[in-house]
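Asks:
Residue numbers (our numbering): 30 to 721.
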C-alpha cells in the first residue's frame, strides 16, 4: 500500500474538510486508506513517554513542539480511556501494529495538525484476526489543544476510533463519529462537550427530518445522541455488540448489524428503534423527561416543530421538512383543543411509517401509537383531550433496508367539543393603581360549545379580593361579565385571574385568563431627628438634620419641614422607592437663648397613604456658655455667710450650702457648670465652675 508523507496528507485533508471544520480528521484519513493511500507516521518526534499501553511521541522544538506536561497529560488521558473502554466496558483493544513506533504498544504522536483539526486516528494496515475487516492504526493529537477538557474528550474520541478499526474499517461513515462522540460522554460524563453539536446545523433535534445516516456538516457528530438512545433505551453494552457484529461480517453491514443485535439481544429490531428514537427526540429541552427518555435531554435544545396548530379543523403536509429514511420524522403540535380529537394520516405508499400521538402534560404524558395500513400508510383514530396541555403528532420514516428520498405525507385534525366555555378577554383592569383605589373587573366570557350552559365565573386579585358570579349562556353567545368593585390593598405587583367552573368542560386551556396589576404605595415619612439633640452650648449655629424614608414603591418628590420652637425651615427632595436619606436642611438656627427647645420634623406629600409616620418630635437643651474658673473661691468674699442654692444646667436644684461650706469643700459635686443663687434674691445669679 502506498504511504503519503505528512505534508501531502495535510494538504489533502485541508481540501477534504473544506468549510465543514470537522475537528476530527479520522474519516478523511480512512477514505485515503481505503483508496490505498495510507498516511506515513511522522518521523521527526525524537522524545517519547512510555506507559503500560501507549508510547507518546513528541518534540520540544520547532513547529511541532510541546512540553513534557502536555505530553504527560495526553498519556494520562489515553491510559484512562483504555481503562474505561477496554477494562470497564469490554471493548476490544486496537490490534498490534507489527512493531511500528518501537513495539506493539499503541502509538500516539503529538504534532501540529492542519488548522481546525484536533486529532485523527489513522488506519495503517489490514489486520484480519479475528475480524475480517480489522485494521491497525495510530493517533495524531494536535500540539495546541492546551490542558483543557477538550483535550480529554479528544483523546477518548480518537482512541475509540482505534478500537472501532479493530472490528471493521468498512462501515457507513456516520457510525464512526456517532460512536466516538458517545464514547466521549462515557469516559468524561461531566464535560458534555458534545452538547455544542446540537446547536450546529443540521442536527437531529433542529432537523429531525434528516436520516440517522446523514453526514452533512456536523450532523454525524451531533448524531452521537443516536448511540445515547441505544444506551438509554437498551443498555450500555448495545453499541459494543453492534460493533462486534459489524466486525464478524465481511464488508459493510452497519444497519443490518444494528437490527441483528436488537433482535437477538433485546427482543426488538431496528424499525422499532427508529420509531422510538423519533418519539424520544420530542422529549428534550423544555419538554425533557429524563425519567422515561434521554437522561441528559434537559441539557439539550428543544426540538424543532414543523408547525403549531391552534384552529380546527385543519389540514397539512410535510412541507417544508419532508422526512428521509431511515429515521427521519416531524413534530407537529396541536394546541387550543379539547373534547374529542380526530386525526387522519396518509403517508407515502410503500414505506414503513410509524405514527405517534402524544398527549402532553408535564410529568404525566400519555403516549399512543396510531395503527397505519402497512401498504398505504393510512390511519385514523380519535383521542380524548382531557386535561392535556397539548397534543403532538409524530410521523416517523422507519425504512432502513434502503435510503429514501424526501417522503411526503398529509394529515387532517379536528376537535369536536360539546361542552366548552372560555374567558375571551379581561377588560377594565388598569396596569397600576394607588393603594386604596378601586376598579370594577370585567371579562368577556363565551360559550364555545353546542348546548346551553350555566356555570360560575370567579375573579381573584392577589389574596385580598375574590368575587363569584353565576351566568347562563347559549351556544356561541358571549357576555361581558361585571364583578364587584375591587379595592387595592396590598402593595406591589398582584396577580389577577378570571376562571370558569363548568363541570364536564371538554377544553380546559381556555377556562382562564390572567394578568397582573401594580399596586402603587405613596408613603414617605421621618425615621428620626439627627440634629439638634441632647445639649448644645449657647451661641452655636445649628443646621437641622433628619433621616427620612420613602416607604412606597415609586419615586416621590416631597417637602420636609423642620421646627425648632416657632422657627421653621423647608426643603424639597426626590427619593427613590424604598430608600432612606439623611437630609440636612439649608437654613441655620442660632442657639442665642438657653433652655429647653422642642423640635419637630415632618414630611408633606399630597396623596400620602400613611400619615402615621409623617412626623417625629423631640427636644434639646441650650446651656449657657462660660469659662473654666481656676479659683472659684475668688468669686465670693470668704467672710460672707450667705446661703447659696445650686442649680445644674437644666435648672434643677441639686443642693444648698453656705459660702464657708463651699470654701471648705463640704458639698460633694461633680465638676461642671452650676448656677448659684443667693437666698432671698429674686434674680441674682453668679456662675461658678466647681473643679474636683
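Think of the CB as a built atom: it goes at the ideal place given N, C-alpha and C, for glycine as much as any other residue.
DSSP on residue 527, reduced to helix/strand/coil?
Replies: In the chain shown, the residue the question calls residue 527 occupies position 498. If DSSP states are grouped into helix, strand and coil, residue 527 belongs with the strands.
Asks: Just checking my contact of residue 565 with residue 620 at CB under 8 angstroms: how many whole Å lie between their CB atoms?
Replies: As a working mapping, residue 565 is identified with position 536 in the chain shown. As a working mapping, residue 620 is identified with position 591 in the chain shown. Confirmed, Cβ separation roughly 6 angstroms.
Asks: Drop a sphere of 10 angstroms on the beta-carbon of residue 347, count the other beta-carbons inside from all chains shown, and report buried for 16 or more, exposed for fewer.
Replies: As a first step, residue 347 must be located in the chain shown, where it is residue number 318. Residue 347 should be labelled buried.
Asks: Spatial neighbours of residue 228 within its chain, please: C-beta separation below 7 angstroms, excluding the five flanking residues on both sides.
Replies: Numbered from its first residue, the chain shown carries residue 228 at position 199. Closer than 7 angstroms at the Cβ level, and outside the excluded window around residue 228, lie 330.
Asks: With DSSP as the reference, label residue 306 as helix, strand or coil.
Replies: Along the chain shown, one-based indexing puts residue 306 at 277. If DSSP states are grouped into helix, strand and coil, residue 306 belongs with the helices.
Asks: Under a Cβ-count criterion, where at least 16 other Cβ atoms within 10 Å of its own Cβ denotes burial, should residue 282 be classed as buried or exposed?
Replies: As a working note, residue 282 is residue 253 in the chain shown. Residue 282 is buried by the Cβ-count criterion.
Asks: Quick one: what's got a C-beta closer than 7 angstroms to residue 596's C-beta in the same chain, skipping five residues either side?
Replies: Within the chain shown, the letter at position 567 stands for residue 596. Taken in chain order, the residues that qualify are 618.
Asks: Residues bridged to residue 592 by DSSP?
Replies: For the purposes of this step, residue 592 is taken as the residue at position 563 of the chain shown. Answer is 597, 629.
Asks: Alpha carbon to alpha carbon, what distance is there between residue 461 and residue 604?
Replies: By one-based count along the chain shown, residue 604 stands at place 575. By one-based count along the chain shown, residue 461 stands at place 432. The straight-line gap from Cα to Cα measures roughly 20 angstroms.
Asks: Under the assumption that residue 651 contacts residue 623 (Cβ atoms under 8 angstroms), give the Cβ distance between them as a whole number of angstroms.
Replies: Within the chain shown, the letter at position 622 stands for residue 651. Within the chain shown, the letter at position 594 stands for residue 623. At roughly 5 angstroms, the Cβ-Cβ gap stays under 8 angstroms, so residue 651 and residue 623 are in contact.
Asks: Is residue 117 buried or exposed, if buried means 16 or more other CB atoms sit within 10 Å of its CB?
Replies: Here the question's residue 117 lines up with position 88 in the chain shown. Exposed is the call here.
Asks: Can you give me the start and stop residues for the beta strand (DSSP E) that residue 572 sits inside?
Replies: Residue 572 sits at position 543 when you count from the first residue of the chain shown. Segment: none, residue 572 is in no beta strand (DSSP E) and carries neither H nor E.
Asks: Throw me the rounded Cβ distance for the residue 591 and residue 634 pair, which I believe falls under 8 angstroms.
Replies: As a first step, residue 591 must be located in the chain shown, where it is residue number 562. As a first step, residue 634 must be located in the chain shown, where it is residue number 605. Actually they are not in contact, since the Cβ atoms of residue 591 and residue 634 sit about 16 angstroms apart, beyond 8 angstroms.
Asks: When DSSP builds the beta bridges, which residues end up paired with residue 86?
Replies: Taking the chain shown and counting its residues from 1, one reaches residue 86 at position 57. BP columns for residue 86 point to 77, 138.
Asks: Find the nearest neighbour of residue 101 within the set 88, 113, 112, 644, judged by alpha-carbon distance.
Replies: By 1-based counting over the chain shown, the position of residue 101 is 72. When each option's Cα is compared against that of residue 101, the closest is 88.
Asks: I'd like the span of the alpha helix (DSSP H) that includes residue 288, first residue to last.
Replies: Within the chain shown, residue 288 is the residue found at index 259, counting from 1. Note, residue 288: alpha helix (DSSP H), 283-295.
Asks: Mind checking whether residue 207 and residue 255 have CB atoms under 8 angstroms apart?
Replies: As a first step, residue 207 is located in the chain shown; it is residue number 178 there, counting from the start. As a first step, residue 255 is located in the chain shown; it is residue number 226 there, counting from the start. Against a cut-off of 8 angstroms, the Cβ pair of residue 255 and residue 207 comes out as a contact.
Asks: I'd like the span of the beta strand (DSSP E) that includes residue 566, first residue to last.
Replies: Walking along the chain shown from the start, residue 566 turns up at place 537. Unbroken beta strand (DSSP E) run through residue 566: 563-566.
Asks: Using the Cα positions of residue 279 and residue 290, report the straight-line distance between them to the nearest angstrom.
Replies: Within the chain shown, numbered from 1, the residue matching residue 279 stands at position 250. Within the chain shown, numbered from 1, the residue matching residue 290 stands at position 261. Going by the C-alpha atoms only, they are around 16 angstroms apart.
Asks: Along the beta strand (DSSP E) that carries residue 542, what are the first and last residues, could you check?
Replies: By one-based count along the chain shown, residue 542 stands at place 513. 541-549 is the extent of the beta strand (DSSP E) around residue 542.
Asks: Looking at the structure shown, is residue 666 part of a helix, part of a strand, or coil, going by DSSP?
Replies: The sequence position of residue 666 within the chain shown is 637, counting from 1. In this predicted model, residue 666 has a pLDDT of only 48, less than 50, meaning its place in the structure is not dependable; the value taken from the coordinates is given anyway. The answer is coil: DSSP assigns residue 666 none of H, G, I, E or B.
Asks: According to the neighbour-count rule (16 or more other Cβ atoms, all chains shown, within 10 Å of its Cβ), is residue 608 buried or exposed?
Replies: Position 579 of the chain shown, counted from the first residue, corresponds to residue 608. When all chains shown are included, residue 608 counts as exposed.
Asks: So who's on the other strand from residue 383, going by DSSP bridges?
Replies: Looking up residue 383 in the chain shown gives position 354. Paired residues: 425.
Asks: Can you give the beta carbon distance from residue 573 to residue 598, rounded, assuming they're within the 8 angstroms contact cut?
Replies: Residue mapping note: residue 573 aligns to position 544 of the chain shown, counting from 1. Residue mapping note: residue 598 aligns to position 569 of the chain shown, counting from 1. About 7 angstroms separates the two Cβ atoms, so the contact holds.
Asks: Who pairs with residue 441 in a beta bridge, going by DSSP?
Replies: Numbered from its first residue, the chain shown carries residue 441 at position 412. According to DSSP, which records beta bridges pairwise, residue 441 is partnered with 344, 373.
Asks: Looking at the secondary structure, which residues open and close the beta strand (DSSP E) in which residue 150 lies?
Replies: Residue numbering aside, residue 150 sits at position 121 when the chain shown is read from its first letter. Taken as a continuous stretch (DSSP letters only), the beta strand (DSSP E) holding residue 150 covers 148-155.
Asks: How far does the alpha helix (DSSP H) with residue 276 in it reach, from first residue to last?
Replies: Counted from its first residue, the chain shown places residue 276 at position 247. Run containing residue 276: 267-277, per the alpha helix (DSSP H) assignment.
Asks: Since residue 634 is in the beta strand (DSSP E), which residue starts that stretch and which ends it?
Replies: Position 605 of the chain shown, counted from the first residue, corresponds to residue 634. It is not in any beta strand (DSSP E) - residue 634 carries neither H nor E in the DSSP assignment.
Asks: So, are the CB atoms of residue 249 and residue 202 less than 8 angstroms apart?
Replies: Translated into the one-based positions of the chain shown, residue 249 becomes position 220. Translated into the one-based positions of the chain shown, residue 202 becomes position 173. Contact flag set, yes.
Asks: In terms of residues, what are the limits of the alpha helix (DSSP H) holding residue 18?
Replies: Because the chain spans 30 through 721 in this model, residue 18 falls outside it and cannot be assessed.
Asks: Tell me which residue opens and which closes the beta strand (DSSP E) that residue 193 is part of.
Replies: For this step, residue 193 is matched to residue 164 along the chain shown. Where residue 193 is concerned, there is no enclosing beta strand (DSSP E), although the alpha helix (DSSP H) it sits in stretches over 178-196.
Asks: Please return the same chain residues whose Cβ sits closer than 6 angstroms to the Cβ of residue 453, not counting the five positions on each side in sequence.
Replies: Residue mapping note: residue 453 aligns to position 424 of the chain shown, counting from 1. Within the same chain, residue 453 has close Cβ partners 473, 475.
Asks: Please report the straight-line C-alpha distance between residue 185 and residue 111, rounded to a whole angstrom.
Replies: Along the chain shown, one-based indexing puts residue 185 at 156. Along the chain shown, one-based indexing puts residue 111 at 82. Residue 185 and residue 111: Cα-Cα distance of roughly 8 angstroms.
Asks: Measure the alpha-carbon distance for residue 317 versus residue 368 and round it to whole angstroms.
Replies: One-based indexing of the chain shown puts residue 317 at position 288. One-based indexing of the chain shown puts residue 368 at position 339. Cα to Cα, residue 317 sits roughly 26 angstroms from residue 368.
Asks: Report the option in 537, 263, 638, 441 whose CA atom is closest to the CA atom of residue 583.
Replies: By 1-based counting over the chain shown, the position of residue 583 is 554. Checked all of 537, 263, 638, 441; the closest Cα to residue 583 is 638.
Asks: Just the Cα atoms here: how many angstroms apart are residue 124 and residue 272?
Replies: For the purposes of this step, residue 124 is taken as residue 95 along the chain shown, with counting starting at 1. For the purposes of this step, residue 272 is taken as residue 243 along the chain shown, with counting starting at 1. Residue 124 and residue 272: Cα-Cα distance of roughly 15 angstroms.
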